[in-house]
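**Q** Input: one structure, supplied below.
Residue numbers (the numbering used here): 21 to 143.
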């Protein structure tokens, strides 16, 4: 049981970190969050979780977070290629799915994906 406690504590620490990522809006906050990621949370599993968290921003109507999330992906990218690569591949797959569908109800989703890709292009 003692070995499970640190793992649970580490998981909860990273969950708290992801909550702080969701609240970061200024460039200074984003810079601090990226530094904290590299110092405390840079593992393969956490990199995948971070990429998935960044990917989910456009799905839950948090469009104001697209620019900070793109900045995080851009800052992490030169050192950890898998985060922006996963993010881009997921966004490209989703864009291909929604572009091919003529259903007008997906228009909002199409716009969100394109906005996110545009934010990523800025960096």
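Even for Gly, the Cβ is constructed at its ideal location relative to N, Cα and C.
Specify the secondary structure class of residue 105 as computed by DSSP and reduced to three states.
**A** For the purposes of this step, residue 105 is taken as residue 85 along the chain shown, with counting starting at 1. Residue 105: helix per DSSP, three-state reduction.
**Q** Excluding the five sequence neighbours on either side, which residues of its own chain have a C-beta within less than 6 Å of the C-beta of residue 41, listed in chain order?
**A** Along the chain shown, one-based indexing puts residue 41 at 21. Contacts found: 53.
**Q** Locate the alpha helix (DSSP H) running through residue 65, then write down its first and last residues.
**A** Taking the first residue of the chain shown as 1, we reach residue 65 at position 45. 64–75 is the span of the alpha helix (DSSP H), which, as asked, contains residue 65.
**Q** Check whether the Cβ atoms of residue 83 and residue 135 lie closer than 8 Å to each other.
**A** Here the question's residue 83 lines up with position 63 in the chain shown. Here the question's residue 135 lines up with position 115 in the chain shown. Cβ distance < 8 Å, so residue 83 and residue 135 count as in contact.
**Q** In whole angstroms, what is the alpha-carbon distance linking residue 70 and residue 57?
**A** By one-based count along the chain shown, residue 70 stands at place 50. By one-based count along the chain shown, residue 57 stands at place 37. Near 9 Å, if we compare the C-alpha coordinates of residue 57 and residue 70.
**Q** My understanding is that residue 139 touches residue 87, with C-beta atoms under 8 Å, so please give their C-beta distance in whole angstroms.
**A** Working through the chain shown from its first residue, we reach residue 139 at position 119. Working through the chain shown from its first residue, we reach residue 87 at position 67. Yes, they are in contact, since the Cβ atoms of residue 139 and residue 87 sit about 5 Å apart, within 8 Å.
**Q** Suppose the cutoff is 6 Å on Cβ atoms and the five residues either side in sequence are ignored; what does the same chain contact list for residue 102 look like?
**A** Position 82 of the chain shown holds residue 102. Excluding positions up to five away in sequence, the list reads 67.
**Q** Alpha carbon to alpha carbon, how far is residue 118 from residue 108? Give it in angstroms, no decimals.
**A** On the chain shown, position 88 is the one that residue 108 refers to. On the chain shown, position 98 is the one that residue 118 refers to. The straight-line gap from Cα to Cα measures roughly 15 Å.
**Q** Please classify residue 39 as buried or exposed, where buried requires at least 16 other C-beta atoms within 10 Å of its C-beta.
**A** On the chain shown, residue 39 is found 19 positions in, with the first residue counted as 1. That one is exposed.
**Q** Which residues bound the alpha helix (DSSP H) around residue 132?
**A** Position 112 of the chain shown, counted from the start, is the residue given in the question as residue 132. Counting along the chain, the alpha helix (DSSP H) containing residue 132 begins and ends at 127–142.
**Q** Residue 87 by DSSP, collapsed to three states: which one?
**A** Sequence index remark: in the chain shown, residue 87 carries index 67 (1-based). The answer is helix: DSSP assigns residue 87 an H, G or I state.
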